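Novice: What follows is a single structure, and I will ask about it in a moment.
Residue numbers (the numbering used here): 799 to 957.
Right, here's the structure in full:
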């Protein structure tokens, strides 16, 4: 009798465990930063924007190529207009947090350069956005900051 009860209790526990709701596993965020930058360019009809290279990452942001898995960026070629967009995929979230600090330093430097000499560009810089989602970081300096950050939001939501 005891054996039957033990087997019955065991069967009920197994059945309950099998029927228990499971928590869905979180899907890892995957953003194609190169495609996103192209979408941003198409949406705002950029003109005179040049693509950023590893040299720009190092010289402007202090970011080593080894800190990122992938990146895409563009900036105005005239040296006066503040427009600059940088999309980074860090190796992990900890590295992404460090990259945010480097991007903030770049934005502060841009602000200091424009403050007294280029009031219209200073306003664009002041309205710039730095956003992080998991291991992804974006800097958006543009008069179209709202449109570009909406595209960012859609990309990180998987839309």
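All C-beta atoms in this analysis are idealised placements derived from N, C-alpha and C, irrespective of residue type, glycine included. Keep in mind that this is a model prediction, so the values were computed, not measured.
#1: Buried or exposed, going by whether 16 or more other CB atoms sit within 10 Å of the CB of residue 871?
#2: Buried or exposed for residue 823, going by 16 or more other Cβ atoms inside 10 Å?
#3: Do three or more CB pairs link the stretch 841-856 to the stretch 872-879 at distances below 8 angstroms?
#4: Quick one: what does DSSP say residue 953 is sitting in, helix, strand or coil?
#5: Are the stretch 880-891 and the stretch 934-947 touching, with three or more C-beta to C-beta distances below 8 angstroms?
#6: Under DSSP, the alpha helix (DSSP H) around residue 838 begins and ends at which residues?
#7: Of the residues 934, 933, 929 and 956, which one's Cα is nearest the Cα of residue 947?
Specialist: In short, the structure shows the following:
#1: Taking the chain shown and counting its residues from 1, the one referred to as residue 871 is at position 73. Residue 871 comes out buried.
#2: Mapped onto the chain shown, residue 823 falls at position 25. Interpretation of residue 823 is limited by its pLDDT of 45, a score under 50 that renders its predicted location unreliable; no figure is taken from the coordinates.
#3: Taking 8 angstroms as the limit for Cβ pairs, the verdict is that the stretch 872-879 does touch the stretch 841-856.
#4: Numbered from its first residue, the chain shown carries residue 953 at position 155. DSSP places residue 953 in helix when its eight states are reduced to three.
#5: yes
#6: In the chain shown, residue 838 corresponds to position 40, counting from 1. First-last of the alpha helix (DSSP H) with residue 838: 831-842.
#7: Start at 1 with the first residue of the chain shown, and residue 947 comes out as number 149. Of the candidates 934, 933, 929 and 956, the one whose C-alpha sits nearest the C-alpha of residue 947 is 929.
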